[in-house]
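Residue numbers for the sequence shown follow the numbering used here, so the first one is 474 and each next one is one higher.
Taking it in order: structure first as C-alpha cells, then the write-up.
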Amino acid sequence: MLAALALLLGLLLLLHTHLTDRGGLGSLVDTFLPWSGLLVPVLLAGAVWRRSASAAVALLLPAVVWLSLFGGLLTDKSHAGGALTLASHNVGADNPDPAATARDLTASGADVLALEEITPEARPRYEKALAKAYPHHAVRGTVGLWSKRPLSDVRAVDTETDVGPLADTKPEAARMADSRALRATVATDRGPLAVYVAHLGSVRVLPGEGFATGTRDRNARALARAVAAERNRRVVLLGDLNGTVDDRAFAGLTSRLRSAQEEAGDGFGFTWPASFPVARIDQILVRGAEPKGSWVLPATGSDHLPVAAGIDW
Numbered sequence: 474m475l476a477a478l479a480l481l482l483g484l485l486l487l488l489h490t491h492l493t494d495r496g497g498l499g500s501l502v503d504t505f506l507p508w509s510g511l512l513v514p515v516l517l518a519g520a521v522w523r524r525s526a527s528a529a530v531a532l533l534l535p536a537v538v539w540l541s542l543f544g545g546l547l548t549d550k551s552h553a554g555g556a557l558t559l560a561s562h563n564v565g566a567d568n569p570d571p572a573a574t575a576r577d578l579t580a581s582g583a584d585v586l587a588l589e590e591i592t593p594e595a596r597p598r599y600e601k602a603l604a605k606a607y608p609h610h611a612v613r614g615t616v617g618l619w620s621k622r623p624l625s626d627v628r629a630v631d632t633e634t635d636v637g638p639l640a641d642t643k644p645e646a647a648r649m650a651d652s653r654a655l656r657a658t659v660a661t662d663r664g665p666l667a668v669y670v671a672h673l674g675s676v677r678v679l680p681g682e683g684f685a686t687g688t689r690d691r692n693a694r695a696l697a698r699a700v701a702a703e704r705n706r707r708v709v710l711l712g713d714l715n716g717t718v719d720d721r722a723f724a725g726l727t728s729r730l731r732s733a734q735e736e737a738g739d740g741f742g743f744t745w746p747a748s749f750p751v752a753r754i755d756q757i758l759v760r761g762a763e764p765k766g767s768w769v770l771p772a773t774g775s776d777h778l779p780v781a782a783g784i785d786w
C-alpha cells in the first residue's frame with residue numbers, strides 16, 4: 474500500500490499538467506502542488522516503520538520529481554542591489570488602518586509601488602500618506618501606482634471583468650471606472666519601463682462548480698493579450714493574480730514574463746493568507762529586465778503580504 478501511494482504521488486507530480494481542469498481541478502492541484510512534498514517524509518516514515526524496502530524505493534520517484542519542479546526554490550538566489558526596487562500589495566478592502574499600511578510600504582524603500590483593492594473611502598488616505606515619498610501617482614478603478622519617477626501614458630487596461638449583454642450596453646468610460654488593471658510608463662535613468670498593475674478575479678470553492686476560476690481565467694487571458702501587444706521592451710507586471718505562476722491559467726503570461734521570486738528569491742515567498750501563508754498569489758513578473766532580489770515584506774492590516782523585488786538591466 475505504501476509503495477502504491479508513493480507511485481501515485483510520483484505520477485501526480487509528473488503528470489499533473491494533464492489533469493482535467495473541469496471544475497477547476499487542474500488549477501487547484503497546480504496551486505497547492507508544492508505542498509505535496511510534505512507527503513514524501515510522511516510516507517518515508519511509514520516505510521521505515523513497516524520496514525518496507527519497496528516503499529522506500531518507490532519514494533524515489535516523487536522525491537526526484539518534486540525536487541526537479543521546486544528544488545530551485547529551496548536556495549537563496551537573491552543578490553544585493555538593483556537599479557529599481559518594486560513593491561506590490563493587495564491592501565485589502567477591509568484594511569482597518571490604510572495610513573499605517575502606507576507608512577509601512579514607504580519604509581520598504583520601493584521606487585515604484587503598486588496597490589490593489591483600493592476602496593473609494595480609503596483612496597484619499599493612501600494618497601495623503603504616500604504623497605511625500607511618491608510625488609507621481611495614478612489610480613484607475615481599484616488599482617493604483619505610486620512612483621518616485623515620473624509617470625506617463627497611464628491608462629486603464631480592460632481585463633474583461635464586466636462581460637455579458639448588460640456590459641455591452643455600458644460606455645467604455647463606465648466600464649473603465651471599475652477597472653482592476655492599469656498600464657503606465659515609468660521614466661527611469663536607463664530608459665522607459667512599462668508597468669502593469671492588475672488584480673484578477675477571485676477564485677471560489679462553490680457547491681456544484683468546484684474550484685470556480687472562470688472570471689480570473691478570463692481576466693488572465695485579457696491581460697496576457699495586453700502584455701503581448703506591449704511595444705516597450707522592458708515590462709513589469711505587479712499585482713494580485715489570485716493564482717500561482719504554476720497555475721496553467723497563466724500560461725499566456727508566464728510564457729512572456731519571468732517570475733522575480735523564482736529567479737531571484739529565497740524560498741517560495743508565500744503571501745496568502747497573511748496569518749498563515751500557503752500560496753504565492755501576489756506576483757512580480759518581468760520582461761527585458763534582470764531580477765536581482767525578491768522578498769516578502771512584513772504583514773500590514775491586509776489579508777495579503779506585500780512583495781518586493783529589485784531589478785536591473
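Glycine included, C-beta positions come from ideal geometry on N, C-alpha and C.
Quick caveat: nothing in here was measured; it's all calculated off a predicted structure.
Review point. Which same chain residues, not among the five before or five after Asp584, have their C-beta less than 6 Å away from its C-beta?
Key: Counting from 1 along the sequence shown, the entry for residue 584 is found at position 111. Answer for Asp584: Leu557, Thr558, Lys621, listed in chain order.
Review point. If you run the structure through DSSP and keep just helix, strand and coil, what is Thr688?
Key: Counting from one through the sequence shown, the residue named residue 688 turns up at place 215. Three-state DSSP puts Thr688 in a helix.
Check your understanding: How would you call Glu594, buried or exposed, if buried means at least 16 neighbouring beta carbons within 10 angstroms?
Key -> The residue given as residue 594 occupies position 121 in the sequence shown. By the C-beta density criterion, Glu594 is exposed, having fewer than 16 other C-beta atoms within 10 angstroms.
Check your understanding: Which class does Pro514 belong to by DSSP, given the choice of helix, strand or coil?
Key -> Along the sequence shown, one-based indexing puts residue 514 at 41. In the displayed model, Pro514 falls within a helix according to three-state DSSP.
**Study point:** Ala529 versus Pro507 - alpha carbon distance
**Key:** Position 56 of the sequence shown, counted from the first residue, corresponds to residue 529. Position 34 of the sequence shown, counted from the first residue, corresponds to residue 507. If you draw a straight line from the Cα of Ala529 to the Cα of Pro507, it is about 21 Å long.
Review point. With a CB to CB cut of under 6 Å and the five nearest residues on each side skipped, what residues in its chain are close to Ala476?
Key: Translated into the one-based positions of the sequence shown, residue 476 becomes position 3. The answer, listed in chain order, is Ser527, Ala528, Ala531.
Check your understanding: Roughly how many angstroms separate the alpha carbons of Val537 and Leu714, rounded to a whole number?
Key -> By one-based count along the sequence shown, residue 537 stands at place 64. By one-based count along the sequence shown, residue 714 stands at place 241. Roughly 29 Å separates the two Cα atoms.
Practice item. Check each candidate in Leu673, Pro514, Arg596 and name the one with the smallest Cα separation from Val630. Key: In the sequence shown, residue 630 corresponds to position 157, counting from 1. For the residues Leu673, Pro514, Arg596, the minimum Cα distance to Val630 belongs to Leu673.
Review point. What alpha helix (DSSP H) runs, 4 residues minimum, are completely inside the segment 572–633?
Key: You should have 596–603.
Point to revise | Environment of Asp719 [buried if 16+ CB atoms lie within 10 Å] | key: Within the sequence shown, residue 719 is the residue found at index 246, counting from 1. Result: buried.
**Study point:** Residue range of the unbroken alpha helix (DSSP H) whose run includes Val759
**Key:** As a working mapping, residue 759 is identified with position 286 in the sequence shown. From DSSP, Val759 is part of no alpha helix (DSSP H) but of the beta strand (DSSP E) over 755–760.
Point to revise | Three-way DSSP call (helix, strand, coil) for Trp786 in this model | key: Position 313 of the sequence shown, counting from 1, holds the residue named residue 786. In this structure, Trp786 counts as coil in the three-state DSSP scheme.
Practice item. Give the single residue among Leu547, Ala701, Arg656 whose Cα lies nearest to the Cα of Ser728. Key: Taking the first residue of the sequence shown as position 1, residue 728 is located at position 255. Nearest neighbour of Ser728 by Cα position, chosen from Leu547, Ala701, Arg656, turns out to be Ala701.
Check your understanding: Roughly how many angstroms separate the alpha carbons of Arg653 and His610, rounded to a whole number?
Key -> Taking the first residue of the sequence shown as position 1, residue 653 is located at position 180. Taking the first residue of the sequence shown as position 1, residue 610 is located at position 137. For Arg653 and His610, the distance between alpha carbons rounds to 16 Å.
Review point. Can you name the residues that DSSP bridges to Leu778?
Key: Here residue 778 refers to the residue found at position 305 of the sequence shown. Beta-bridge pairing links Leu778 to no other residue.
Review point. Run through DSSP, which three-state label would Gly738 get?
Key: Indexing the sequence shown from 1 puts residue 738 at position 265. Here Gly738 sits in strand by DSSP.
Review point. Taking the alpha-carbon positions, what's the Leu586 to Trp522 distance?
Key: Taking the sequence shown and counting its residues from 1, one reaches residue 586 at position 113. Taking the sequence shown and counting its residues from 1, one reaches residue 522 at position 49. Their Cα atoms are separated by approximately 52 Å.
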